[in-house]
Ligand code: FES
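Numbering (the numbering used here), first residue to last: 294 to 401.
Pasting the structure below:
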């Protein structure tokens, strides 16, 4: 089930925002490529990714600097080695909907 999280106009390009969707904390990021929802917990330690910087469709963990691809959740460098769940985002007019039922990268 998708839940309305915010309006598209609430999101600035490359400025992550934290939302809790059905008890799951997600960092929602609007980029030039679209809107992405990634789990708001780094896979290396319990650090919110929404406080990091976004560049080239990747979000940086502010603590140790691993960069996670917003499309796949994969880290591009150490110290994180595991992906972070990414969730499907749907746009309905100006509404941004997120479903946390199944992560897009859960099968891997
Ligand atoms: S806590 Fe995120 S890379 Fe270490």
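By construction, the Cβ of each residue, glycine as well, lies at the ideal position given by its N, Cα and C atoms.
Those residues that have a beta carbon less than 5 Å away from any non-hydrogen atom of ligand 1 are, in order along the chain, 335, 337, 338, 340, 354, 356, 357, 359 and 373. In the DSSP annotation of this structure, the continuous segment of the beta strand (DSSP E) that includes residue 332 starts and ends at 327-332. Ranked by how close their Cα comes to the Cα of residue 352, the residues 298, 320 and 303 have 320 in first place. Contact check for residue 377 against residue 336 passes: the beta carbons are separated by less than 8 Å.
Assignment of beta strand (DSSP E) within the segment 337-384, counting only whole runs of 3 or more residues, yields 351-353 and 360-362 in chain order.
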